[in-house]
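**Student:** Here's a structure for you.
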Amino acid sequence: MVIGRRAFLGGVVASGAMLATGAGIANPAGVRAAGKTTVTRYPLYLPPPIGLASSLTAAPSTVDLGGGNLSKAWAYNGFMPGPTFRARSGDTAQVVLRNQLSEETITHWHGMVVDHPNDGHPIYAIPPGGTYQYSFPIQQRAALNWYHPHPHMLTGKQVALGLAGAFIINDAEEDGLGLPGGGYEVPLIVRDASLDSLGNLQYKPRSGGFLGDTVLVNGTRDPYLEVDTALYRFRVLGGANARIFGLALSSGAPFTLIGNDGGLLASAAQITRIDIAPGERVDLLVDFRGMPVGTRVMLRDLRSGWNLLEFRVARQMNVSATVPTTLSTITPLGSSVRTRTFSFDGMSKINGLEYDVNRIDFEVPFGDTELWRFATNGNAPHPVHVHGASFQVVSRTGGRNRLFPWESGWKDTVLLEDRETVEILIRFGGYSGEYLLHCHKLEHEDMGMMSNFVVV
Ligand code: C2O
Ligand code: CU
């Protein structure tokens, strides 16, 4: 079985290389391996599922980045990305985190509305050998959320070395749309990485943000995915420390954008390019129906010119699926009772202050709708993330000077570029307690571009 698969891979190398050359696309991994002009592609890895009552162990591990290229990494339960949680609204998660790293860690459930003790705040970091018991009900709409470490000043390192995974929530509203499921719903965690001369993951922090020279999709380098002539749903997570990806298809065909951080949008949008910053998610339909078997379509990053993932149309199928146009109802948060301004200063401060785990910077009354204004005086991009609630993006002035279709609906992370002011409406209706506001460029977060606040 294994031999057959290797032999098959060997057979497709040449055509894959011809395609890459024909399209004039420089592949950074190929360029790095001096003089190598062919790109060997590996099957896209799909992390295994994990139950909601599970233990999650963060430990040094060896992972296969593709084709038996073994690399040392830090991983949850030995998998990179970590196993995929899948829950339904109304379920309860009971997860024990076990720390087998050489340093402290704690896990944050990014996008999940949970109470303070379950939010992975850095004050709850556990030492090597320690455990942390999480227990929280899932009381929010369907969405792709994710989990990753959040220890003070160590988040960038731990994520870069491999610790992150998907947490998918489904609900009845989503069921009613008949979206592609099973093998036709594929999570894609897109990130860059840096490998040492032995191929092990390494972390080389830069104050402007870690940038790796190798792209990994679901932990696979130069991945391909065999697809049927069917409609697919791709759940894409910007899982890099700092890199922003400009997603597009080599065919020039649009994506059908149906959702983002906080779940389904009000209606679907056809869009040929989507920028996704660290922490952001997009929910995309891609239609391979009507494509002849043998067709190849590349998911590309228009910012770096990288090839991210090659789709290989491999099987003729007749799967009926419709692309719904009306998806959900997004009720506007309405008018705000107060405004707060946050200036993302330099690479390590919010409103002139570096993060202090013990300092509370502001209080937000439970249930009030507030307008938060994010501004910067340089050193962007800053992907701004808020714990404890989803928000609605209402405006962007300066810089790109507009909002994008993937910024409608509910968000928990919004990209702030130089010269931009971004306004959001936010209302904390889940829990009172202490939460975090921070830049999700993990090096900025680790240097102190983070703030504690309390919902009272
Ligand atoms: Cu994805 Cu405070 O983090
Ligand atoms: Cu930043």
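Residues 119 to 574 (this note's numbering) are what the sequence shown spells out, left to right. The beta-carbon is built from N, C-alpha and C at its ideal position, and this holds for glycine as well. Just so we're clear, the structure is a prediction, and the values are computed from it rather than from any experiment.
#1: Exposed or buried, which one is G208 when buried takes at least 16 other CB atoms within 10 Å?
#2: In its own chain, which residues sit with a C-beta less than 6 Å from the C-beta of A358, not counting the 5 before and 5 after it?
#3: Taking only runs that begin and end inside the segment 319-394, name each unbroken alpha helix (DSSP H) of 4 or more residues, in chain order.
#4: Nearest-angstrom Cα distance between D346 and V431?
#5: Rounding to the nearest angstrom, what Cα-Cα distance links Y302 and G274 in this structure?
#6: Three-state secondary structure (DSSP) at G274?
#7: What would DSSP say about P246, mapped onto helix, strand or coil?
#8: Residues in the same chain with beta-carbon distance under 6 Å from E292, minus the five sequence neighbours each way, listed in chain order, please.
#9: Taking only the alpha-carbon atoms, compute the straight-line gap between N195 and A177 and give it to the nearest angstrom.
#10: What did DSSP end up calling V574 once you bin it into helix, strand or coil?
#11: For ligand 1, is there any heavy atom lying closer than 7 Å to the beta carbon of G397?
#12: Output needed for G566: all residues of its chain with C-beta closer than 7 Å, excluding positions within five of it in sequence on either side, in chain order.
#13: With which residues is H95 paired in a DSSP beta bridge?
#14: According to DSSP, what are the bridge partners of G280?
#15: Please classify G408: is it buried, with 16 or more other beta-carbons within 10 angstroms of its beta-carbon, or exposed?
#16: Can T249 and L281 be called in contact, C-beta distance under 8 Å?
#17: For T332 versus S315, is the C-beta spacing smaller than 8 Å?
#18: Can you tell me which of the three DSSP states A152 falls into?
#19: Quick one: residues in its chain with C-beta nearer than 7 Å to the C-beta of S550, no 5 flanking neighbours on either side, listed in chain order?
#20: Which one of T175, K190, L262, L306 has the shortest CA to CA distance from Q218?
#21: Using only Cβ atoms and a threshold of 6 Å, which residues come within that distance of a heavy atom of ligand 2? Order them by chain position.
#22: Which partner residues does Q212 have in the DSSP bridge list?
#23: Is the beta carbon of T374 closer than 8 Å to that of L343?
#24: Can you tell me which residues form a DSSP beta bridge with T180?
#25: Using a Cβ distance threshold of 8 Å, determine whether the segment 376-389 contacts the segment 442-452, with at least three qualifying pairs required.
#26: Within 7 Å: the Cβ of L534 and any heavy atom of ligand 1?
#27: Hey, H266 and H226: beta-carbon distance below 8 Å or not?
#28: A125 to E561, Cα distance in whole Å?
#29: Could you give the distance in angstroms between the alpha-carbon of Y163 and the alpha-carbon of V411?
#30: In this structure, how does DSSP classify Y302 when only helix, strand and coil are distinguished?
#31: Within 7 Å: the Cβ of L554 and any heavy atom of ligand 4?
#32: Spatial neighbours of G247 within its chain, please: CB distance less than 7 Å, with the 5 preceding and 5 following residues excluded, ordered by chain position.
#33: Can you tell me which of the three DSSP states L162 falls into?
#34: Could you check the C-alpha separation between M198 and G283 for me, to the nearest Å?
#35: Can you list, in chain order, the residues of its chain with a C-beta nearer than 7 Å to that of S325? Leave out the 5 residues immediately preceding and following it.
#36: Any heavy atom of ligand 1 closer than 7 Å to the beta-carbon of H234?
**Tutor:** Straight from the coordinates:
#1: Counting from 1 along the sequence shown, the entry for residue 208 is found at position 90. Answer is exposed; the Cβ neighbour count stays below 16.
#2: Position 240 of the sequence shown, counting from 1, holds the residue named residue 358. Cβ neighbours of A358 beyond the five flanking positions: R309, D310, P396.
#3: Counting whole runs of 4 or more residues, the segment 319-394 contains no alpha helix (DSSP H) stretch at all.
#4: Residue numbering aside, residue 346 sits at position 228 when the sequence shown is read from its first letter. Residue numbering aside, residue 431 sits at position 313 when the sequence shown is read from its first letter. D346 and V431 have their C-alpha atoms some 6 Å from each other.
#5: Counting from one through the sequence shown, the residue named residue 302 turns up at place 184. Counting from one through the sequence shown, the residue named residue 274 turns up at place 156. Y302 and G274 have their C-alpha atoms some 32 Å from each other.
#6: As a first step, residue 274 is located in the sequence shown; it is residue number 156 there, counting from the start. In this structure, DSSP gives G274 a helical state, which the three-state scheme calls helix.
#7: Against the sequence shown, residue 246 aligns to sequence position 128. Note: P246 maps to coil in three-state DSSP.
#8: As a position in the sequence shown, residue 292 is number 174, starting the count at 1. Contacts found: A260.
#9: Taking the first residue of the sequence shown as 1, we reach residue 195 at position 77. Taking the first residue of the sequence shown as 1, we reach residue 177 at position 59. Roughly 7 Å separates the two Cα atoms.
#10: For this step, residue 574 is matched to residue 456 along the sequence shown. Correct three-state label for V574: coil.
#11: Locating residue 397 in the sequence shown gives position 279, where the first residue counts as 1. At least one heavy atom of ligand 1 is found less than 7 Å from the C-beta of G397.
#12: Locating residue 566 in the sequence shown gives position 448, where the first residue counts as 1. So the qualifying residues of the chain are S466, K467, E472, Y473.
#13: In the structure displayed, the chain extends from 119 to 574; residue 95 sits before or after that span and is not available.
#14: Position 162 of the sequence shown, counting from 1, holds the residue named residue 280. According to DSSP, which records beta bridges pairwise, G280 is partnered with nothing at all.
#15: For this step, residue 408 is matched to residue 290 along the sequence shown. Counting Cβ neighbours within 10 Å, G408 comes out exposed, since fewer than 16 surround it.
#16: Within the sequence shown, numbered from 1, the residue matching residue 249 stands at position 131. Within the sequence shown, numbered from 1, the residue matching residue 281 stands at position 163. At least 8 Å separates the beta-carbon of T249 from that of L281.
#17: In the sequence shown, the residue the question calls residue 332 occupies position 214. In the sequence shown, the residue the question calls residue 315 occupies position 197. Cβ atoms of T332 and S315: not closer than 8 Å.
#18: Here residue 152 corresponds to residue number 34 of the sequence shown, with the count starting at 1. Model confidence at A152 stands at a pLDDT of 44, short of 50, so the residue's coordinates are unreliable and nothing is read from them.
#19: For the purposes of this step, residue 550 is taken as residue 432 along the sequence shown, with counting starting at 1. Around S550: F484, V573, V574.
#20: As a position in the sequence shown, residue 218 is number 100, starting the count at 1. Nearest in C-alpha terms to Q218, of all of T175, K190, L262, L306, is T175.
#21: This criterion selects F462, H500, C557, K559, H562, M567.
#22: Position 94 of the sequence shown, counted from the start, is the residue given in the question as residue 212. Partner(s): A171, S253.
#23: In the sequence shown, residue 343 corresponds to position 225, counting from 1. In the sequence shown, residue 374 corresponds to position 256, counting from 1. No, the Cβ-Cβ distance between L343 and T374 is not below 8 Å.
#24: Here residue 180 is taken as the residue at index 62 of the sequence shown, counted from 1. The partner list for T180 (beta bridge, DSSP) reads K190.
#25: Counting Cβ pairs under 8 Å, three or more are found: they touch.
#26: Within the sequence shown, residue 534 is the residue found at index 416, counting from 1. For ligand 1, not one heavy atom lies less than 7 Å from the Cβ of L534.
#27: For the purposes of this step, residue 266 is taken as the residue at position 148 of the sequence shown. For the purposes of this step, residue 226 is taken as the residue at position 108 of the sequence shown. Yes, they are a contact pair.
#28: To locate residue 125, count along the sequence shown from 1; it is residue 7. To locate residue 561, count along the sequence shown from 1; it is residue 443. Residue placement at A125 is flagged as unreliable, the pLDDT there being 31, under the threshold of 50; the coordinate-derived value follows with that caveat. Those two C-alpha atoms are separated by around 42 Å.
#29: Against the sequence shown, residue 163 aligns to sequence position 45. Against the sequence shown, residue 411 aligns to sequence position 293. The alpha-carbon of Y163 is positioned some 22 Å away from that of V411.
#30: Reading the sequence shown from its first residue, position 184 is the one you call residue 302. The answer is helix: DSSP assigns Y302 an H, G or I state.
#31: Ligands in the displayed structure: ligand 1 and ligand 2; ligand 4 is not one of them.
#32: Working through the sequence shown from its first residue, we reach residue 247 at position 129. Scanning its chain for C-beta atoms nearer than 7 Å, with the 5 sequence neighbours on each side dropped, one finds around G247 the residues N217, in chain order.
#33: Along the sequence shown, one-based indexing puts residue 162 at 44. Taken through DSSP and simplified to helix, strand or coil, L162 comes out as coil.
#34: For the purposes of this step, residue 198 is identified with residue 80 of the sequence shown, where counting begins at 1. For the purposes of this step, residue 283 is identified with residue 165 of the sequence shown, where counting begins at 1. The straight-line gap from Cα to Cα measures roughly 8 Å.
#35: For the purposes of this step, residue 325 is taken as residue 207 along the sequence shown, with counting starting at 1. Correct list, in chain order: M465, E561, M565.
#36: Residue numbering aside, residue 234 sits at position 116 when the sequence shown is read from its first letter. No, since every heavy atom of ligand 1 falls outside the 7 Å radius drawn around the Cβ of H234.
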